[in-house]
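Asker: Below you'll find the structure I mean.
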Amino acid sequence: MANNSVDHPGNSVAEVNHDGDFGVTTADLRNLMELRSGEAVNKIRENYGDVQGICRRLKTSPIEGLSGNPVDLEKRHTAFGKNFIPPKKPKTFLQLVWEALQDVTLIILEIAAIISLGLSFYHPPGGESEICGEAAAGVEDEGEAQAGWIEGAAILFSVIIVVLVTAFNDWSKEKQFRGLQSRIEQEQKFTVIRKGQVIQIPVAEIVTGDIAQIKYGDLLPADGILIQGNDLKIDESSLTGESDQVRKSLEKDPMLLSGTHVMEGSGRMVVSGVGLNSQTGIIFTLLGAGENDEEKKVKKSKKQGAPENRNKAKTQDGIALEIQPLKSEEAAESEDKEEKEEIKPVKKVNVTKKEKSVLQGKLTRLAVQIGKAGLIMSAVTVVILILYFVIHTFGVQGRSWISECTPIYIQYFVKFFIIGVTVLVVAVPEGLPLAVTISLAYSVKKMMKDNNLVRHLDACETMGNATAICSDKTGTLTMNRMTVVQAYIGDTYYKSVPEPEAINTETLEIMVNSISINSAYTTKILPPEKEGGLPRHVGNKTECSLLGMALELKRDYQPIRDEIPEETLYKVYTFNSSRKSMSTVLKNADGSFRMYSKGASEIILRKCSHILDAQGQPRLFNPKDRDEMVHKVIEPMACDGLRTICVAYRDFPAVSGEPNWDNEGEILTQLTCIVVVGIEDPVRHEVPAAIAKCQRAGITVRMVTGDNINTARAIATKCGILLPGEDFLCMEGKEFNQQIRNDQGEVEQERLDKVWPNLRVLARSSPTDKHTLVKGIIDSTVGENRQVVAVTGDGTNDGPALKKADVGFAMGIAGTDVAKEASDIILTDDNFTSIVKAVMWGRNVYDSISKFLQFQLTVNVVAVIVAFTGACITQDSPLKAVQMLWVNLIMDTLASLALATEPPTESLLLRRPYGRNKPLISRTMMKNILGHAVYQLVIIFTLLFAGEKIFNIDSGRNTPLRSPPSEHYTIVFNVFVMMQLFNEINARKIHGERNVFEGIYRNPIFCSVVLGTFALQIIIVQFGGKPFSCTALTIDQWLWCVFIGIGELLWGQLISAVPTHRLKFLKEAGHGITKDEIPEEELNEGTDEIDHAEMELRRGQILWFRGLNRIQTQIKVVNAFRSSLYEGLENPESRNSIHSFMAHPEFLPLSEEEAHAPTPIPETPEEIE
814 MANNSVDHPG NSVAEVNHDG DFGVTTADLR NLMELRSGEA VNKIRENYGD
864 VQGICRRLKT SPIEGLSGNP VDLEKRHTAF GKNFIPPKKP KTFLQLVWEA
914 LQDVTLIILE IAAIISLGLS FYHPPGGESE ICGEAAAGVE DEGEAQAGWI
964 EGAAILFSVI IVVLVTAFND WSKEKQFRGL QSRIEQEQKF TVIRKGQVIQ
1014 IPVAEIVTGD IAQIKYGDLL PADGILIQGN DLKIDESSLT GESDQVRKSL
1064 EKDPMLLSGT HVMEGSGRMV VSGVGLNSQT GIIFTLLGAG ENDEEKKVKK
1114 SKKQGAPENR NKAKTQDGIA LEIQPLKSEE AAESEDKEEK EEIKPVKKVN
1164 VTKKEKSVLQ GKLTRLAVQI GKAGLIMSAV TVVILILYFV IHTFGVQGRS
1214 WISECTPIYI QYFVKFFIIG VTVLVVAVPE GLPLAVTISL AYSVKKMMKD
1264 NNLVRHLDAC ETMGNATAIC SDKTGTLTMN RMTVVQAYIG DTYYKSVPEP
1314 EAINTETLEI MVNSISINSA YTTKILPPEK EGGLPRHVGN KTECSLLGMA
1364 LELKRDYQPI RDEIPEETLY KVYTFNSSRK SMSTVLKNAD GSFRMYSKGA
1414 SEIILRKCSH ILDAQGQPRL FNPKDRDEMV HKVIEPMACD GLRTICVAYR
1464 DFPAVSGEPN WDNEGEILTQ LTCIVVVGIE DPVRHEVPAA IAKCQRAGIT
1514 VRMVTGDNIN TARAIATKCG ILLPGEDFLC MEGKEFNQQI RNDQGEVEQE
1564 RLDKVWPNLR VLARSSPTDK HTLVKGIIDS TVGENRQVVA VTGDGTNDGP
1614 ALKKADVGFA MGIAGTDVAK EASDIILTDD NFTSIVKAVM WGRNVYDSIS
1664 KFLQFQLTVN VVAVIVAFTG ACITQDSPLK AVQMLWVNLI MDTLASLALA
1714 TEPPTESLLL RRPYGRNKPL ISRTMMKNIL GHAVYQLVII FTLLFAGEKI
1764 FNIDSGRNTP LRSPPSEHYT IVFNVFVMMQ LFNEINARKI HGERNVFEGI
1814 YRNPIFCSVV LGTFALQIII VQFGGKPFSC TALTIDQWLW CVFIGIGELL
1864 WGQLISAVPT HRLKFLKEAG HGITKDEIPE EELNEGTDEI DHAEMELRRG
1914 QILWFRGLNR IQTQIKVVNA FRSSLYEGLE NPESRNSIHS FMAHPEFLPL
1964 SEEEAHAPTP IPETPEEIE
């Protein structure tokens, strides 16, 4: 390796800077990498002679690679940096606390608490006199009066707890995603050559000077300069925005940039820029400059969101950005930084999210509806309390307002205001975003164990709604362990691989040569890792099967490859999806050429003019022979589910000179067929059962494959995708295109709608066909619900289909980086069964949210009604502000923990998907919510108005302002909490099941939350004292409270006995947005970008404008009539606004809107009864 350390004058200069002993600096390499095509070639020629010159200066060998010596690697790290782009700083805990404090309800509470605190410390001088009426009575002793501050302080304390819980949640979630992110990055490996060995190392360990092998499907991890390439085409759109693929070659354009995708071919490059010194890194550094402005902008836009949604928008965006790996699209337009700062915030939203998930949309609408209702209730409560007080004090008692009494009256008003706020706090389900987050984060964590690496949070929930799965065949449904099982050699059809003696030696020689040379040299068969295991297949699986056949014929491919190393190959036509074949040309010593080819049998056989006979001599092979061969060999192989590959060769004699290699059509003809093999890829054992589960769950599985139709049909039948006696369609890509395209060659949705419902197998399909099919199914309007489509893919060419699908699954093992980048979930074991697990988790997320809602809304309804009526009748809410906040904590944070972490069960796969328009709250749930609310209200009002008689204690009603807490109200509070606790167990079932305890031990979190809450409640009641407005209860009173709570469980059994369909008055809530509800003009402007849930929030603003608009219009009309000049009506816009105002969906009365909603399918046997 002496050539590595050739001295040259450059060295002495290099000593000065920190680039150690290398003959080239980081800056030189950076400047070089900024050049393109011709300029770059000239610059290399001027400064370094050629690429070998750069290798010498970087002290690396183009063939052997680096030595891998740690000292050397460390030197390179110091000189040229590491291949790592530092992620954006995560938000600190304090920033998250600040964000949680922005919640509007919490702000209102803080203000109320501060006012309450302020007033409690202000003691008016003459306040104790009789003149102020009843207001002053009851302040018995000074000690009690001193305790007035407690309520305000306690509210503040609970606000702090809520804020800390929210912030901690966000923080741990962010941490989780950072972890997930680094896992994705660690799993990403790249092939480099070190010490002459081809090894795979994590991307972060690549150093400048490494020799990297690149091939079709790679995402380049660093900048490099091409050393040797075959037919290399790169997609640089992520950096340049140009969609055309760029051909790379030593003579024309050897510059390879990080973040670009290899679309065709293979080659080797010397790494010249890593991490922040690579092109992607440089752009990221620029982005860092624009980061601060962008954060300001984002903050601004967030403040405008509505309170209920801000929490959610924040988590959603955060996630979308956090979890995306270094996305090179962020790095588009590297030219001018200013433009970028404008573009980035906008891109931030569109690039990362497809559109808000179904669940997110439904939840936002529901939260807004509940929020509005709560606001109205709390306002009414405050108004009634104030009116009652004013009328009672100044009207009935006939007192006059005296200045000394003002502070006392104000204290009363503040107390009323606090009661109003508590009603609002209880009404608004702040726990919703929390429950969604916990549920999704928990599922994502657990899905890792089921081999699903979730890259986009909402994909997990969308999967629960999936109605169609378009799956690849190879590797997903099958084992991707290709083996040759049948062969046609020398005019004989062998049903198993023949003995080497049975084949003519010349034929055998040519065949083994062809197989060894005409394949990627990275494809190898290695000895098994464990004793007695199967040999390991590395690289392309089809090539592995052919190499395996050579080994079975007692011939080794390695010596042949050593004799003809990869550098000496004259020309390589690499495999790609349009060519469907691969050819390698060798130049012989006498100037003649030999080309070896292999590919799909129907394609190669069409190009064959000869075939080797039993003696190993070429004989003519005409179309008639070909048809016979197809009939007698290829079809029987395909019907056994085999993939047929033909191996052939062609000699170009020296006399006719060198052919024009670019004219592929001329080159790939007149071949001589050597052998046709049938390769089997056995179906994975667990796949048929998994597909049966999918079909039972109402999900259609379609197979989209590049294989021929007979093989595809055979495999589909083995898997259970095609069932005997069903009239499903199997078609080839060509026929599919004829059926769905019109005469101009455009895809027509109506035509496609006739095909896809029955299509089960699409064979010989191109990536475009796959994308067309997925897009067609998603855009289709056949059937009542829009289809939700999941797609699996592993190749670079699957990218568009994966992006288009609702959920894209990429293969973790066989998948290319491009496919992984485009996907939402990565299957770490490439197995179809994992997709079924994802469906189960997705449905479980949906059900968890529904369980939480059922529980939460019951508490909301009861608490709001109790606070409201109690306040109006007794002038004081039976549940104090602090108690309400504790109830809120149970309901929100703890219940979301308990109910959102239920593990999924197989029974989730026994129902059909919910679809996009299925309301979150079904009629059964509505029955449960209202049913339990009735029980709780009856009990609470009984206790409130007759509790003192039942328990024989003093009444707590109408107590003066500063009186100590009463036993009476403590019992009311305690019973309320006990009922919630036992109702939490009822909430575990949402489809009307009887056994609510089923599987409760499988969820330790649930058990610990319930028991923990119970323990805390005992502490609060017995020792909470003044801050919680509680007094200690006796054991008898406790037993009664618990007994009433247990009554909830019995009542639940009673409710589930009532058939839902009898209760006609029940309505659903939390619909998805239906097409009819979206105004026309919005439908047209790229529906993907519009988020209807957020529009719901903007509607408030729109209403104001419309209201003003309408008033202006009316004024104009009145003026017009008054002056009997119709100038106002001449203006068509004003006329329009009245109509558009009336026609808009918000103005439908509720009942009418319900009528528009699709009738839901009953989802359980109980509902159908």
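My numbering puts the first residue of the sequence shown at 814, with every later residue one more than the last.
For each residue, glycine too, the CB sits at the ideal point set by N, CA and C.
Since the model is a prediction, treat every value here as computed from it, not as a measurement.
1) Going by the beta-carbon positions, is the gap between I1648 and I1282 smaller than 8 Å?
2) Out of N1331, D1592 and E1561, which one is the CA nearest neighbour of Y1462?
3) State buried or exposed for F1388, treating a residue as buried only when at least 16 other CB atoms are found within 10 Å of its CB.
4) Helix, strand or coil: how does DSSP classify V767 here?
5) Given that a residue counts as buried once 16 or more other Cβ atoms are within 10 Å of its Cβ, and exposed if not, what is E1049?
6) Short of 6 Å in beta carbon distance, which residues of its chain neighbour V1059, apart from the five on each side in sequence? Order them along the chain.
7) Helix, strand or coil for G1094? Go by DSSP, reduced to three states.
8) Which of helix, strand or coil does DSSP assign to Q1428?
9) Tell me the DSSP secondary structure of E1412 in three-state form.
10) Return helix, strand or coil for L1961, following the three-state DSSP convention.
11) Which value, in whole angstroms, describes the spacing of the CA atoms of K902 and F1097?
12) For G1118 and V1181, I'd like the C-alpha separation in whole angstroms.
13) The beta strand (DSSP E) spanning H1074 covers which residue range?
14) Decide if C1507 is buried, meaning its Cβ has at least 16 other Cβ atoms within 10 Å, or exposed.
15) Distance, Cα to Cα, A1192 vs A1676?
16) Is the beta carbon of L1176 sitting closer than 8 Å to the one on L1270?
17) From which residue to which residue does the alpha helix (DSSP H) around T1755 run?
18) Note down, in chain order, each residue of its chain lying with its Cβ closer than 6 Å to the Cβ of T979, except the 5 sequence neighbours on either side.
19) Considering only their Cβ atoms, is the gap separating G1606 from G1621 smaller than 8 Å?
20) Could you tell me whether the region 1481 to 1500 touches the region 1293 to 1304, where touching means 3 or more Cβ pairs closer than 8 Å?
21) Any contact between the region 1745 to 1759 and the region 1784 to 1797? By contact I mean 3 or more CB pairs, one from each, below 8 Å.
22) State the Cα-Cα distance for the pair L1039 and L879, rounded to the nearest angstrom.
23) Should G1470 be labelled buried (16 or more other beta-carbon atoms within 10 Å of its own) or exposed?
24) For T1073, collect the residues of the same chain with a Cβ closer than 7 Å to its Cβ; drop the 5 residues on either side in sequence, then sort them by chain order.
25) Since A1025 and N896 should fall inside the 8 Å C-beta cutoff, what is the C-beta to C-beta distance between them, to a whole number of angstroms?
26) By Cβ distance, which residues of its chain are closer than 8 Å to Y1659, with the 5 residues on each side in sequence left out?
27) Would a C-beta distance cut-off of 8 Å place R1624 and T1289 closer than the cut-off?
28) Residues in its own chain within less than 7 Å of V1257 by CB, not counting five upstream and five downstream?
29) On the DSSP letters alone, give me the boundaries of the beta strand (DSSP E) that P1015 sits inside.
30) Determine the direct distance from the alpha carbon of S1661 to that of V1595, and round the result to whole angstroms.
31) Less than 8 Å between C-beta atoms, sequence neighbours within five positions excluded: which residues of the same chain meet that for E955?
32) Between which two residues does the alpha helix (DSSP H) carrying N1278 extend?
33) At the level of alpha carbons, what is the spacing between D1619 and G1612?
34) Candidates G1838, V1490 and V1601: which alpha carbon is nearest D1304's?
35) Report all residues from its chain with a CB closer than 7 Å to the CB of D1285; omit the five preceding and five following residues, and keep chain order.
36) What are the start and end residues of the alpha helix (DSSP H) that includes N1523?
Answerer: Inspection of the coordinates gives the following:
1) yes
2) N1331
3) Answer is buried; the Cβ neighbour count reaches 16.
4) Only positions 814 to 1982 of the chain appear in this structure, which leaves residue 767 out of reach.
5) buried
6) I1047 and E1049
7) Helix at G1094.
8) coil
9) Glu is not the amino acid found at residue 1412; the sequence shown has Gly there. Three-state result, G1412: strand.
10) Here L1961 scores only 38 on pLDDT, less than 50, and its place in the model should not be relied on; the value that follows carries that caveat. Here L1961 sits in coil by DSSP.
11) 13 Å
12) Caution is warranted here: a pLDDT of 38 is assigned to G1118, below 50, making its placement in the model unreliable, and the coordinate value is therefore given only provisionally. Each residue's alpha carbon lies about 12 Å from the other.
13) H1074 to G1086
14) buried
15) One C-alpha to the other measures close to 15 Å.
16) No, they are not a contact pair.
17) R1736 to F1764
18) A913
19) yes
20) By the Cβ criterion, the region 1481 to 1500 is in contact with the region 1293 to 1304, since at least three pairs of Cβ atoms, one from each stretch, lie closer than 8 Å.
21) yes
22) C-alpha separation (whole angstroms): 16 Å.
23) exposed
24) L1033, I1047, D1048, E1049, S1051 and L1052
25) Rounded to whole angstroms, the Cβ separation of A1025 and N896 is 11 Å, and the two are not in contact under 8 Å.
26) L1172, E1274, G1277, N1278 and Y1727
27) Checking the sequence, you will find Met at residue 1624 rather than Arg. Yes; because the gap between Cβ atoms is below 8 Å, this pair is in contact.
28) V1267, L1270 and C1273
29) Q1010 to P1015
30) 30 Å
31) Any reading at E955 is ruled out, since the residue's pLDDT is 44, under 50, leaving its predicted position unreliable.
32) Neither: N1278 is in no alpha helix (DSSP H) and is coded neither H nor E.
33) 13 Å
34) V1490
35) V1517, T1518, T1605, G1606 and D1607
36) I1522 to C1532
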